[in-house]
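One structure is given here, and the rest of the page talks about it.
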Amino acid sequence: MIPGLVTHLWQTTLFVAAAWLLALALRKNQAHVRYWVWFAVSAKFLVPFSLLVGLGTLVPRHAAPPLHPAWMAAVEQAGEPLALPAVAARTADRAQASYVAPAALALWACGFAAIAICWLVRWKRIHAVRRSATPLRNRKFPVPVMSSPGLLEPGVFGILRPVLLLPEGIGERLHPAQLDAVLAHELCHVRRRDNLTSAIHMAVQAIFWFHDMVWWLGARLLDERERACDEEVLRLGSKPQIYAAGILNVCKLYVESPAAWMSGVTGANLRRRIEQIMARRLATRLNLPRKLLLAGAALLALIGPVLTGVVSGPRLRAQPAAATFGKPSGPKFEVASVKPALDLRTAAGQHVGIKIDAVRADIGYWSIRQLILRAYGLPSYQLSGPEWMNSLRFDIAAKFPEGATEDQLPEMLQWLLAERFGLVAHSETKDLPVWALVAGKGGPKMKPAAPDPDEPARTRNVGRTLDNLWSYDKPFGLTAMTNHGQRLEFSKMPMDALAQILADRLREPVIDRTGLEGDYQVTLDFSSAALTSVRTALDTEAPDPGSAVFWAAQRLGLKLERRKAPITLLIVDHVEKVPTGN
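Numbering (the numbering used here), first residue to last: 4 to 585.
So this is what it looks like as structure tokens:
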């Protein structure tokens with residue numbers, strides 16, 4: 004929460020600086036133009052850029068078909084016997100637990116309450132004056148006019164049903180021409196709805212009371228709104244000497260309004276206002292170039308973040324379930340034998356993984372879940388079905404039909420699942436939590452991959468599951484795999500592929516938001532030793548096994564953050580536990 008708030012505040016501060024430059028360029032134009040520039044900045048405090056960027060990410064983008072090729076199935080298979088279960092979001096929360104956020108929230112609440120109480124007291128004072136006031140029937144005004152006892156200056160009170168409060172006897176103390184000029188000033192406040200915009204900015208001040216910029220911005224808004232009304236009064240024909248004298252007499256005879264949401268006549272820098280009124284420097288209207296400047300600034304502020312979201316929104320990996328799932332097409336196996344696999348704990352020589360040559364495919368100890376993932380090119384988090392799909396294991400020996408190639412294996416597996424296991428499924432898109440892979444606080448700790456390594460990748464035998472990876476031509480420069488695939492070393496790994504591997508370990512979506520281009524030397528350690536390190540770091544007895552995924556990312560100088568994105572799932576409606584006979 005706090006990092007997001009800090010980002011919002013510095014972005015808004017830059018927005019204030021840009022608005023100041025824009026107001027400087029418009030300094031010779033009418034004050035009401037600058038007022039709306041400053042009010043837009045005030046509203047920006049309530050609308051973070053991330054919200055606009057998020058709107059942009061909702062725009063559908065047609066990404067290239069996802070790459071969930073054979074190497075990924077092999078990587079999944081490599082660690083399958085000791086696969087880590089899905090990690091809960093609370094793991095990351097616990098790993099990043101801090102007392103800073105609650106303390107900061109308590110401090111903010113105290114400041115907010117103090118400001119709110121202060122303004123409530125001021126409102127009650129003015130409301131008491133309003134209740135004691137009596138209507139004046141002899142003055143024509145767009146809002147009700149009331150005569151109030153006391154010495155509160157003339158002003159407009161209220162937002163939805165505003166009234167003009169005039170102190171008793173003001174007609175006897177001011178020259179009629181001066182009073183008319185003062186009333187014209189108040190009429191300008193009514194037409195501009197200054198009480199409403201002032202109340203909105205006061206809410207901004209209460210929420211962001213700790214940011215000096217909101218108080219400076221409040222002074223700018225007050226100054227420009229009074230100047231805008233002064234310009235309008237002079238434009239309507241009031242003489243500068245009479246108008247200035249009326250303002251000065253109000254200042255001498257009455258008390259200034261205690262709150263910005265009661266629009267009076269004596270606010271802002273009085274000396275500067277009087278000088279400008281007497282000088283009667285007429286502000287110039289906006290010409291075409293300045294109108295284009297304002298329009299461009301507005302479009303940049305609103306459309307820019309949305310376009311950023313459109314361009315940089317999560318381009319999730321293929322959702323083939325939505326596009327290609329249905330009746331299988333393509334070649335079938337000429338013949339296929341499907342048998343329950345032996346128990347790894349008791350069977351010697353049980354084949355694990357997949358071996359493919361020009362004419363056949365031998366699949367050993369694969370679950371129905373693995374078969375579906377391989378058949379439809381899905382990452383594991385996009386498949387939803389009964390839990391037992393991951394526990395029942397099968398050995399499959401199948402012969403390719405004449406002319407078929409290894410690339411057509413997915414289509415042949417689709418036919419096998421439909422005919423032998425009775426697979427029935429449908430696709431469904433949902434907004435789901437995802438993990439975003441981003442750079443950590445200290446930056447990435449991975450070394451860039453050598454463009455032309457002097458030595459070829461190591462090919463030493465490190466275990467039976469390594470054969471699967473070698474058959475796919477050493478994906479991403481895989482140089483070592485130990486501990487049943489729980490430790491993997493790559494010499495040239497792109498970040499999107501790293502996100503893919505983490506997603507399959509977590510069984511949840513992971514999207515690459517590191518901004519890193521090119522390939523890197525990556526070591527992933529999901530072993531029990533890594534879990535021990537996590538337990539020590541978190542000072543817990545039994546951390547979630549999935550914590551090793553977060554720990555592995557942290558050791559690379561990366562971290563996983565929670566976000567939301569639309570994900571298309573393949574929902575298994577029916578599948579048989581026992582396949583039909585061979």
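Every residue, glycine too, gets a C-beta built ideally from N, C-alpha and C.
As assigned by DSSP and simplified to three states, the class of residue i
i: T10; result: helix
i: D576; result: strand
i: S266; result: strand
i: L440; result: strand
i: Y368; result: strand
i: G356; result: strand
i: E235; result: helix
i: H192; result: helix
i: F48; result: coil
i: W23; result: helix
i: T408; result: coil
i: E175; result: helix
i: E564; result: strand
i: Q503; result: helix
i: E390; result: helix
i: G446; result: coil
i: L559; result: coil
i: G333; result: coil
i: Y257; result: coil
i: G240; result: coil
i: P157; result: coil
i: P292; result: helix
Per-residue burial, residue i [other beta carbons within 10 Å of its own, 16 or more giving buried]
i: E235; result: buried
i: D515; result: buried
i: L420; result: buried
i: R283; result: exposed
i: A298; result: exposed
i: N141; result: exposed
i: C113; result: exposed
i: L527; result: buried
i: P170; result: buried
i: N585; result: exposed
i: D226; result: buried
i: A20; result: exposed
i: E156; result: buried
i: L347; result: exposed
i: P343; result: exposed
Residues near residue i by beta carbon distance below 6 Å, same chain, minus five either side
i: W418; result: P331, K335
i: D434; result: K567, P569
Straight-line Cα distance separating residue j from residue i
i: E414; j: G333; result: 6 Å
i: L291; j: E511; result: 53 Å
i: V552; j: T517; result: 16 Å
i: D522; j: S394; result: 35 Å
i: C254; j: L302; result: 42 Å
i: F42; j: G221; result: 9 Å
i: T200; j: V103; result: 34 Å
i: S266; j: L139; result: 19 Å
i: R293; j: R37; result: 12 Å
i: F529; j: A106; result: 35 Å
i: S151; j: L8; result: 45 Å
i: S370; j: L440; result: 29 Å
i: H204; j: R238; result: 28 Å
i: R363; j: S387; result: 29 Å
i: T571; j: E431; result: 5 Å
i: W111; j: P179; result: 49 Å
i: I129; j: M216; result: 27 Å
i: V513; j: L289; result: 50 Å
i: R194; j: R565; result: 46 Å
Same chain, Cβ closer than 7 Å to residue i, neighbours up to 5 away in sequence not counted
i: H429; result: I574, D576
i: A300; result: L25
i: A378; result: P413, L416, Q417, L420
i: D499; result: D515
i: T287; result: K31, N32
i: W122; result: M205, A262
i: Q411; result: G333, P334
Cβ-based neighbour list, residue i, same chain, cut-off 8 Å, excluding 5 preceding and 5 following
i: L108; result: none
i: R276; result: E229, R230, D233, I250
Proximity test, residue i beta-carbon vs the ligand PLP heavy atom, cut-off 8 Å
i: V437; result: This structure simply doesn't include the ligand PLP, nor any ligand for that matter.
Original post:
Is it true that the segment 146 to 153 meets the segment 164 to 178, where meeting means three or more beta-carbon pairs spaced less than 8 Å apart?
Top reply: yes
Original post:
Should the segment 487 to 501 be regarded as contacting the segment 354 to 366, the criterion being three or more beta carbon pairs within less than 8 Å?
Top reply: no
Original post:
Are three or more beta carbon pairs between the segment 111 to 131 and the segment 208 to 218 nearer than 8 Å?
Top reply: yes
Subject >> Three-pair Cβ contact test at 8 Å for the segment 439 to 452 versus the segment 546 to 565 >> reply: yes
Subject >> Segment contact, 8 Å Cβ cut-off, at least three pairs: the segment 41 to 55 with the segment 12 to 30 >> reply: yes
Subject >> Three CB pairs or more closer than 8 Å across the segment 20 to 38 and the segment 175 to 189 >> reply: no
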